[in-house]
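See structure below.
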Amino acid sequence: MRKAPLEIGVTGGIGSGKSIVCRIFSCLNVPIYDADKRAKWLTVNDLDLKSQIVTLLGESAYDSDGTYNRTYVAQRVFKDSALLTQLNQLIHPKVHEDAADWLKSKLHVPYVIREAALMKKAGDQNTLDFTVLVTAPLDLRISRTLARDPHRTAEDIRAIMQNQLSDEERQKFADFVIDNSADSPLIPQVLTLHNHFLEKAAH
């Protein structure tokens, strides 16, 4: 018998609009687990993880009040892919545990969405049933991110993109693709997928 609920992964590079897509799903009463936001919460509130990050990156990884120093960390890891990998190896297991706990309270719904910038294809060492990729042209992604994060520069954003998978690489494992370019309405695309997932969950 099929497990309940279905787990749908939504991913995309910085500025692609995956969070907007997830907000539309949320308006359809679909529970959303935002892995990136939860990771940020865990870096401050999980004392074991916090200690591991300080060991890896030094005391400057946190401000004097205990706040995670994202600017410092980003400057360190996005110019050093090996260090970024090490940091991810600390954070991802914690997020995985947190997501598993979250899912236990959602067993009554047809499907849930897990939003994350980093994601493997469904079933590849994960519990996902399908993955959805949100795409947009590179220039549009940069302009969106600049508008959202004015403290970042275009150079900062390109550095982040260089450490993320390209859309072409992501498409190799995506089951569905949502086009979030300026001339492609999002809501009809999301509604089509929503109905598809409801149908799948019913069987």
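The UniProt record's numbering applies: residue 1 is where the sequence shown begins, and numbers increase by one. Ideal Cβ positions, reconstructed from N, Cα and C, are used throughout, including at glycine. Being a predicted model, the structure only gives us computed values, none of them experimental.
- The residue among T153, D46 and Q86 with its C-alpha nearest the C-alpha of L56 is Q86.
- Rounded to whole angstroms, the separation of the alpha carbons of I20 and C27 is 11 angstroms.
- It is roughly 12 angstroms from the alpha-carbon of S81 to the alpha-carbon of M161.
- Scanning A100, Q75, V77 and K40 for the CA closest to the CA of G66 turns up K40.
- Distance from Q164 to I8 at the Cβ level is roughly 20 angstroms; contact not present, criterion being Cβ atoms closer than 8 angstroms.
- Assignment of V112 by DSSP, reduced to helix, strand and coil, places it in the strand class.
- In the structure shown, the three-state DSSP call for T85 is helix.
- About 5 angstroms separates the beta carbons of K94 and L49, which is inside the 8 angstroms limit, making them a contact pair.
- Residue pairing from DSSP places I178 in a beta bridge opposite V134.
- For the beta strand (DSSP E) assignment, the segment 143-177 encloses no uninterrupted run of at least 3 residues.
- When V73, V30, L6 and A4 are compared, the shortest CA-CA separation from V190 is found for V30.
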